[in-house]
Amino acid sequence: MRSTSNTIRTRRTVKAAATVLAGALALSLTACGSDDDKSGGNETTGTKASGDALTLPKLDGTTLEVAAVWTGPEQANFKKVLAEFEKRTGAKVTFVPAQDPIVNFLGSKIAGGQPPDVAMLPQPGAIKQAVDKKWAKPLGPEALKELQKNYSQGWQDIGKVGSEQYGVYYKAANKSLIWYNAKVFENAGASEPKTWDELLSTAQTVYDSGVTPFSIPGADGWPLTDWFENVYLSQAGPEKYDQLARHEIKWTDPSVKEALTTLAQIWGKKDYVAGGADGALQTQFPNAVTQTFTGGDQPKAAMVYEGDFVQVNIAQTDAKVGTDAKVFPFPKVGDTAPVVSGGDAAVILKDSQGAQALATFLASPDAAEIQAKLGGYLSPNKNVDPAAYPNDVQRKIAEALVAAGDDFRFDMSDQAPQAFGGTPGKGEWKDLQDFLKNPTDVAGIQAKLESDAAAAYGN
638 MRSTSNTIRT
648 RRTVKAAATV
658 LAGALALSLT
668 ACGSDDDKSG
678 GNETTGTKAS
688 GDALTLPKLD
698 GTTLEVAAVW
708 TGPEQANFKK
718 VLAEFEKRTG
728 AKVTFVPAQD
738 PIVNFLGSKI
748 AGGQPPDVAM
758 LPQPGAIKQA
768 VDKKWAKPLG
778 PEALKELQKN
788 YSQGWQDIGK
798 VGSEQYGVYY
808 KAANKSLIWY
818 NAKVFENAGA
828 SEPKTWDELL
838 STAQTVYDSG
848 VTPFSIPGAD
858 GWPLTDWFEN
868 VYLSQAGPEK
878 YDQLARHEIK
888 WTDPSVKEAL
898 TTLAQIWGKK
908 DYVAGGADGA
918 LQTQFPNAVT
928 QTFTGGDQPK
938 AAMVYEGDFV
948 QVNIAQTDAK
958 VGTDAKVFPF
968 PKVGDTAPVV
978 SGGDAAVILK
988 DSQGAQALAT
998 FLASPDAAEI
1008 QAKLGGYLSP
1018 NKNVDPAAYP
1028 NDVQRKIAEA
1038 LVAAGDDFRF
1048 DMSDQAPQAF
1058 GGTPGKGEWK
1068 DLQDFLKNPT
1078 DVAGIQAKLE
1088 SDAAAAYGN
């Protein structure tokens, strides 16, 4: 997921979120219940199975299409959510696999007169594009009611364009996590770092034990933007983060130079990166994860950075999350540890009772709890029962995200115009791949980033 990512909302501070996240991952689980009142939906034509928290309309004979870029286990798990919607309503829902960037895919479908009813959009910038092109339809009263009951204002706001609500953020990501092979750390005598300097020290300890420290999926540009965003947010601070996200300061700013120079302390040490730069640039995200958790205590790498969704790929190995595969918050580079989030929003493209009902369902805890039980998924829905998550690690990450409320920053590249922040082989994705290949050329990459950003933002 990219995010997975225009309109940009400011956040008050990341300090509270960072504190909550670090505490939640460090402490043992504290059980917490969900809201008792989860009723809602259609009052007149609905069906409601015993124990269900949401009433939905009868939709026998209705057919719907939902488009998303999800593949593999992520797609399979989401299809189980759609199957439950079918069971409750009688509608028939077809999943339509989309290609990245999804806005281009949707443009082709719409030009051919066959838009899906609902699309899962991985960027606020993509939502704005869909609205600007007059593709997207606002949420109706039932979907709004469910959204407002279950989501903090911050998660509602990033689904808005102007004052109108278009998106339901069904799936979120905590993108400030580093996963590690517990056996490698144990053998090396390494401990979980809390600061960037400690991370470098841990990497050296791991390297000295005979294992390459990091697995980096350089073949996919989006994880590289996430690396940068975590370093930049912690080092430059939330105000500058927001300014750079809006392109109110240039990528040639000294704060960007400092962040890239910091990144080069890892990216520029070929012995620290599995396969070196050339190998990393040929490694896709799923393989970057699985090679960290296969090979016993001699994997290709000890650590892999990315969000909570890494668990989907860990599940394809024999490693068990919480024992063989563990996680720590992205270490602080500056005053506070970063909390960067991403997500995928359901947006209606063909307005109908069926599409509105599906958006209502996806805004409910009922839908989220189905996928939460399957693992590799995180919901920003504050009324999802934490017990739905399959392990303590996932549960703590989910509780931390909800407890953070509005105190987070959304993925910067996902807020950018698609041409800069969301297209393979172009813009920031390509520029950071070039930087991974040659981390000594900080000034050159800054100039290229600024040129591409200026063209995309139009300023």
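If you're matching positions, the sequence shown starts at 638 in our numbering and goes up one per residue.
C-beta: ideal position from N, C-alpha, C; glycine also.
Next on the checklist: Between Y844 and D908, how many whole angstroms is the CB-CB distance? I'm expecting something under 8 Å.
Outcome noted: 6 Å
Item to check | L696, DSSP secondary structure in three states | outcome: coil
Checklist entry - When we look at the beta-carbon of A713 and count the other beta-carbons within 10 Å, is it buried (16 or more) or exposed? => result exposed
Item to check | Cβ-Cβ separation, Y1026 to A1035 (assumed contact under 8 Å), whole Å | outcome: 6 Å
Next on the checklist: Using CA atoms only, rank isn't needed, just tell me which of F865, Y942, A840 and G855 is closest to I815.
Outcome noted: Y942
Checklist entry - Assuming G762 contacts A1053 under a Cβ cut-off of 8 Å, what Cβ separation, rounded to an integer in Å, is found between them? => result 6 Å
Checklist entry - From this set, P968, R1032 and V805, which residue's C-alpha is nearest N787's C-alpha? => result V805
Checklist entry - Just reading off the beta strand (DSSP E) that N1028 is part of, what are its end residues? => result Premise fails: N1028 is in no beta strand (DSSP E) and is neither H nor E.
Next on the checklist: Quick check on the burial criterion: 16 or more other C-beta atoms within 10 angstroms. Buried or exposed for K717?
Outcome noted: exposed
Item to check | Whole-angstrom C-beta distance between L693 and A1093, which should lie under 8 Å | outcome: Going by Cβ atoms, the distance from A1093 to L693 rounds to 40 Å, so no, they are not a contact pair.
Checklist entry - So, is G1081 buried or exposed, given that buried needs 16 or more other C-beta atoms within 10 angstroms? => result exposed
Checklist entry - According to DSSP, is V1021 helix, strand or coil? => result coil
Item to check | Sequence-distant residues of its chain with Cβ nearer than 6 Å to E866 (five each side left out) | outcome: V977 and M1049
Item to check | Straight-line Cα distance separating D1043 from L986 | outcome: 28 Å
Checklist entry - Are the CB atoms of L776 and L1069 nearer to each other than 8 Å? => result no
Item to check | Cβ shell of V1030 (< 7 Å), same chain only, five flanking positions each side left out | outcome: V958, G959 and V964
Checklist entry - Rounded to a whole number of angstroms, what is the C-alpha to C-alpha distance between G847 and G1095? => result 49 Å
Checklist entry - Q990 to E1006, Cα distance in whole Å? => result 23 Å
Checklist entry - Exposed or buried, which one is E876 when buried takes at least 16 other CB atoms within 10 Å? => result exposed
Item to check | C-alpha distance - V740 paired with A767, whole-angstrom precision | outcome: 7 Å
Item to check | As assigned by DSSP and simplified to three states, the class of G677 | outcome: A caution first: G677 carries a pLDDT of 34, below 50, which makes its placement in the model too unreliable to give a value.
Next on the checklist: Applying the 10 Å Cβ sphere with the 16-neighbour rule, what's the burial state of S800?
Outcome noted: exposed
Checklist entry - In terms of DSSP beta bridges, what is E801 paired with? => result V798
Checklist entry - Where do the ends of the beta strand (DSSP E) carrying W816 lie? => result L814 to N818
Next on the checklist: What would DSSP say about R883, mapped onto helix, strand or coil?
Outcome noted: coil
Item to check | Spatial neighbours of A992 in its chain, beta-carbon cut-off 6 Å, leaving aside the 5 residues before and after | outcome: D754, V755 and I985
Next on the checklist: Using a Cβ-Cβ cutoff of less than 6 Å, which residues in the same chain neighbour K729 once the five nearest sequence positions on both sides are dropped?
Outcome noted: T700
Checklist entry - Do you know offhand how far L897's Cα is from K774's? => result 40 Å
Checklist entry - With respect to the beta strand (DSSP E) encompassing M758, which residues constitute its N-terminal and C-terminal limits? => result The sequence given here places Leu at residue 758; Met does not occur at that position. Unbroken beta strand (DSSP E) run through L758: V755 to L758.
Next on the checklist: Bridge partners for F1047 per DSSP, in chain order?
Outcome noted: S978
Checklist entry - What residues in its chain sit with their C-beta under 7 Å from that of K1019, if we drop five residues either side in the sequence? => result N787, Y788, S789 and V1039
Checklist entry - Between D879 and F1047, what straight-line distance do the alpha-carbon atoms span, to the nearest angstrom? => result 10 Å
Checklist entry - Beta carbon of L918: closer than 7 Å to some heavy atom of the ligand COA? => result Only the bare structure without any ligand can be found here, which leaves the ligand COA out of the picture.
Checklist entry - Is Q872 near E895, with beta carbons less than 8 Å apart? => result yes
Item to check | Straight-line Cα distance separating A1037 from A663 | outcome: Low confidence applies here, because A663 scores a pLDDT of 44, under 50, leaving its location unreliable and the question unanswered by this model.
Checklist entry - Where does F822 sit, in a helix, a strand or coil, going by DSSP? => result helix
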